[in-house]
Amino acid sequence: MTDLCRCREPPGRPRKRNEPTVTYGVSVEPARSPRLAPWQRTAEGAGLLAADGTVAATVFAEMSALAVSTGAINLGQGFPDEDGPREVLEAAREAIANGVNQYPPGPGMPVLREAIAGHQRRWYGLSVDPMREVLVTAGATEALAATLLAFVDDGDEVLTLEPSYDAYGALIARAGGIHRTVPLRFPDWRPDHDELRAAVTDRTRVILVNSPHNPTGAVLDRATLELVVELAHRHDALIVTDEVYEHLVFDGDHLPVATLPGGWERTLSISSGGKTFNTTGWKIGWVTGPAALVTAVLAVKQYLTFVNGAPFQPAIAAGLDLPGRFFTEASASLAAKRDLLVAGLDAAGFATSIPSSGYFVVADAAALGEPDAPAFCRDLPHRAGVVGVPVTAFVHPDRRDSVRSLVRFAFCKRREVLEDASARLAALSPREEAPAAR
Ligand code: PMP
Ligand code: GLN
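Start counting at 1 in the sequence shown, then tack on 837, and there's your number in the numbering used here.
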C-alpha cells in the first residue's frame, strides 16, 4: 500500500495546478478563483451562487419552505414522516434521563464504536478495530466534510458520479479541489466504464462513490465497484464511500467497496443512522477505514464539531444491534412505498425510472409536456399541492440540459400520504401554455 496520508506532490507525480482543465468537453477553471471568498466558493460548488454574489438556500430548504407556505405534501426533502424503532427512541430517552448529556469522547462513545465495528462484521464480514478504525461524526455530512478537508488540497481532483448529492460539490470547492464527474443517465443510471476510466487520472485525489445513490436510487454493480478499486490503485487515489442508504436496498444486497479485494486499504467508508433508523435529525454518522486514514479525518473533525449527540450515540448503538428482521422489514416496507409512488407517477403520466434503493424516485415531466423541471417544481405546490425537487439541483450548471425535465420525489412517507400525493398528481391538468408532450 502506498502512503495515502503522505504530503502531496510526491516525486514523479507533477501536478499542473493552475491550468484550466477539461471534463466532458466543459472547460473548468481551477476552483480557487481570486474573485470569490471561501464561503462563496462553497456555495458556487453546489450551484447556489447567483451572478450578483448572493447565495441561495439549498434546494431542500427552499422546497421544504415552499411546502410549509403552501400546505403542499412535501415529497421534496428526504426525511421520513414516521418515527423509527421504539428501542432506539427509548434508548435516547434513557440516556438523557441517566445523565449522558456532556461531551462524549472525541472519536465517539465506545459503545457506539463497538456497535459500528460489530455492524461491519455482521453484515459485511469486515474486521474493524473499534478503537482505531472507527470515528463517530455529526452525521455523514460531517464525515464527508472532514474527510475531504483532510485529504483534498488546492487543485486536487475529486471524482463523483453526476447527478450528485449537493454537499459534495460544495465541500470539494471549499477544500480547493476540482470536481470531476462521470454522468449517470436516465432511466438506467449506469455509469459507462470507459467514461469512468477516462475520468480517473494521476490528478485524481479522491474517488467519491455514492452507492446506493441519491437522487437516482441506483445501486452500482460489482464490476463498477471493482473498476473503482482498480483505478484507485493505478492512480494512487483514495476511495471515499457514502453508504447512508446501505440498509435500504430493495433488490439484492448492499456491497461495500471496502469488502472488495484491494478495497479496504484505500477506502474510507461513511454512513449514518439517519436513514436506517428514521432519525435524520439526530445526526449520528461514522467513518470506518484503516487507522492512519481515520486518524487524518479525526485531526480535522475534532475542530469542526469536536463531538455531538451524546445521548443519541448509545441509542444508535442499540439500533445497530437490532435483529436482522428489523433491517429486512424496513427495506421491504420502503420498497412497497416505492411501488406505490411509482404507480402513482406512472398513472399521472410521468415517465419513471424504478429505483432499486433509497428514498427517491426520479420522474420525467417531459412526458406531461413539462420540459423545465425547476419551473415545474416551483408551480407544482400551487397546481397540485405536491412538492418535488428538480434533478438539475444535483448537476453542475453547465451540464443541466440532460436532466432538465427530471423531478425527484421522496417516497419515505406514510402510505396514505403517498396515496394522497398520487391522487393529486393524477388530477394535474396541463398548463394552458404547456408545449405538446415529447
Ligand atoms: N449522503 C447522502 C447521499 C444523503 O442523501 C444524505 C442526506 N441525508 C447525506 C449524505 C447526509 O447524511 P446525514 O444526515 O447523516 O448527515
Ligand atoms: N439528504 C436529504 C435529501 O437528499 C436532505 C438533506 C438536506 O436537506 N441537506 O433530500
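Glycine residues also receive a C-beta, built at the ideal position from the N, C-alpha and C atoms.
Anyone know if the C-beta pair for Thr1018 and Leu986 falls short of 9 Å? Position 181 of the sequence shown, counted from the start, is the residue given in the question as residue 1018. Position 149 of the sequence shown, counted from the start, is the residue given in the question as residue 986. No, these two residues do not count as a Cβ contact at 9 Å.
Using only CA atoms, which one of Gly1118, Asn1115, Val1137 and Thr1116 lies nearest to Val1124? For the purposes of this step, residue 1124 is identified with residue 287 of the sequence shown, where counting begins at 1. Here the closest residue by C-alpha is Val1137.
Taking three-plus beta-carbon pairs below 8 Å as touching, is the stretch 1237-1250 in contact with the stretch 1173-1180? yes
Between Ala1147 and the rest of its own chain, which residues show a CB-CB distance below 8 Å, the 5 nearest in sequence each way excluded? Numbered from its first residue, the sequence shown carries residue 1147 at position 310. Result list for Ala1147: Ala932, Val937, Asn938, Gln939, Tyr940, Pro941 and Met946, in chain order.
Just the Cα atoms here: how many angstroms apart are Phe1187 and Ala1173? Within the sequence shown, residue 1187 is the residue found at index 350, counting from 1. Within the sequence shown, residue 1173 is the residue found at index 336, counting from 1. Rounded to the nearest angstrom, the two C-alpha atoms are 19 Å apart.
When the Cα atoms are used, what is the spatial distance from Glu970 to Thr907? Stepping through the sequence shown from its first residue, residue 970 is reached at position 133. Stepping through the sequence shown from its first residue, residue 907 is reached at position 70. Taking the straight line from one Cα to the other gives about 47 Å.
Between which two residues does the beta strand (DSSP E) harbouring Pro942 extend? Start at 1 with the first residue of the sequence shown, and residue 942 comes out as number 105. That residue, Pro942, is in no beta strand (DSSP E); it is neither H nor E in DSSP.
CA-to-CA distance, Ala1128 to Leu1135, given in whole angstroms: In the sequence shown, residue 1135 corresponds to position 298, counting from 1. In the sequence shown, residue 1128 corresponds to position 291, counting from 1. Approximately 10 Å between the Cα atoms of the pair.
Taking 8 Å as the line, does the beta carbon of Tyr1002 fall inside it for any heavy atom of the ligand GLN? Along the sequence shown, one-based indexing puts residue 1002 at 165. The answer is yes for Tyr1002.
With C-beta atoms as the reference, is Ala1033 less than 9 Å away from Thr1053? Numbered from 1 along the sequence shown, position 196 holds the residue referred to as residue 1033. Numbered from 1 along the sequence shown, position 216 holds the residue referred to as residue 1053. Per the sequence shown, residue 1033 should be read as Leu rather than Ala. In this structure, Thr1053 does not lie closer than 9 Å to Leu1033 by Cβ.
Helix, strand or coil: how does DSSP classify Ser1242 here? To locate residue 1242, count along the sequence shown from 1; it is residue 405. Three-state DSSP puts Ser1242 in coil, outside helix and strand.
On the criterion of 16 or more Cβ atoms from any shown chain inside 10 Å, does Leu1141 qualify as buried, or is it exposed? Here residue 1141 refers to the residue found at position 304 when the sequence shown is read from its first residue. Classification for Leu1141: exposed.
Buried or exposed by the 16-neighbour rule on C-beta atoms within 10 Å, applied to Glu866: The residue labelled residue 866 in the question sits at position 29 within the sequence shown. Legend: pLDDT at Glu866 = 44, less than 50; position of this residue unreliable, value from coordinates given subsequently. Per the 10 Å Cβ criterion, exposed.
C-alpha distance - Pro1160 paired with Asn1115, whole-angstrom precision: The sequence position of residue 1160 within the sequence shown is 323, counting from 1. The sequence position of residue 1115 within the sequence shown is 278, counting from 1. Between Pro1160 and Asn1115, the C-alpha separation is close to 16 Å.
What do you reckon, is the C-beta of Ala1129 under 8 Å from a heavy atom of the ligand GLN? As a position in the sequence shown, residue 1129 is number 292, starting the count at 1. Answer for Ala1129: no, Cβ out of range of the ligand GLN.
Taking only heavy atoms of the ligand GLN into account, decide whether any of them is closer than 8 Å to the Cβ of Phe1246. Stepping through the sequence shown from its first residue, residue 1246 is reached at position 409. Relative to the ligand GLN, even the nearest heavy atom lies 8 Å or more away from the CB of Phe1246.
Test item, CB below 6 Å from any non-hydrogen atom of the ligand COA: Among the ligands modelled here, namely the ligand PMP and the ligand GLN, the ligand COA does not occur.
Can you list, in chain order, the residues of its chain with a C-beta nearer than 6 Å to that of Gly884? Leave out the 5 residues immediately preceding and following it. Reading the sequence shown from its first residue, position 47 is the one you call residue 884. The residues are Pro1234.
Report all residues from its chain with a CB closer than 8 Å to the CB of Val989; omit the five preceding and five following residues, and keep chain order. Reading the sequence shown from its first residue, position 152 is the one you call residue 989. The residues are Val995, Ile1009, Ala1012, Gly1013, Gly1014, Arg1042 and Val1043.
Assuming Thr1061 contacts Pro1024 under a Cβ cut-off of 8 Å, what Cβ separation, rounded to an integer in Å, is found between them? As a working mapping, residue 1061 is identified with position 224 in the sequence shown. As a working mapping, residue 1024 is identified with position 187 in the sequence shown. Between the beta-carbon of Thr1061 and that of Pro1024 there is about 17 Å, and that puts the pair past the 8 Å contact cut.
Is it buried or exposed for Val1224, if we count other Cβ within 10 angstroms and need 16 for buried? As a first step, residue 1224 must be located in the sequence shown, where it is residue number 387. Buried.
Quick check on Trp1123: does DSSP put it in helix, strand or coil? Sequence index remark: in the sequence shown, residue 1123 carries index 286 (1-based). Three-state result, Trp1123: strand.
With distances taken from CA atoms, which of Leu1205, Thr1104, Phe1087 and Ile1107 is nearest Glu1166? Residue numbering aside, residue 1166 sits at position 329 when the sequence shown is read from its first letter. Closest by alpha carbon: Phe1087.
DSSP bridge partner residues for Asp1201 (one or two, in chain order): Position 364 of the sequence shown holds residue 1201. Paired residues: Ala1188 and Leu1243.
Take Gly1111 and list the residues in its own chain whose beta-carbon comes closer than 6 Å to its own, dropping the five residues that flank it on each side. Here residue 1111 refers to the residue found at position 274 when the sequence shown is read from its first residue. If we look at Gly1111 and ignore the five residues flanking it on each side, its Cβ neighbours are Thr1117.
Would you list the one or two residues that DSSP bridges to Thr1078? One-based indexing of the sequence shown puts residue 1078 at position 241. In the DSSP output, where bridge partners are listed per residue, Thr1078 has Val1046 and Ser1106.
In chain order, what are the residue ranges of uninterrupted alpha helix (DSSP H) at least 4 long that sit wholly in the stretch 969-1025? 976-988 and 1003-1011
Span separating the alpha-carbon of Asn1145 from that of Thr1132: For the purposes of this step, residue 1145 is taken as residue 308 along the sequence shown, with counting starting at 1. For the purposes of this step, residue 1132 is taken as residue 295 along the sequence shown, with counting starting at 1. Approximately 18 Å between the Cα atoms of the pair.
So, with DSSP's three-state summary, where would you put Leu1265? Here residue 1265 refers to the residue found at position 428 when the sequence shown is read from its first residue. In the structure shown, Leu1265 sits in coil (DSSP, three-state: anything other than H, G, I, E or B).
Within a Cβ cutoff of 6 Å, which residues of the same chain sit near Ala1155, ignoring the five residues on either side of it in sequence? As a first step, residue 1155 must be located in the sequence shown, where it is residue number 318. Glu924, Val925 and Ala928.
Using the three-state DSSP reduction, which class does Val865 fall into: helix, strand or coil? Here residue 865 refers to the residue found at position 28 of the sequence shown. Bear in mind that the predicted position of Val865 carries a pLDDT of just 40, short of 50, making it too unreliable to give a figure here.
Using the C-alpha atoms, what's the distance from Ser1168 back to Asp1257? Reading the sequence shown from its first residue, position 420 is the one you call residue 1257. Reading the sequence shown from its first residue, position 331 is the one you call residue 1168. The straight-line gap from Cα to Cα measures roughly 22 Å.
Using 8 Å as the threshold, is the stretch 957-973 in touch with the stretch 1088-1102, meaning 3 or more CB pairs across them? The stretch 957-973, when compared against the stretch 1088-1102, does touch it at the 8 Å Cβ threshold.
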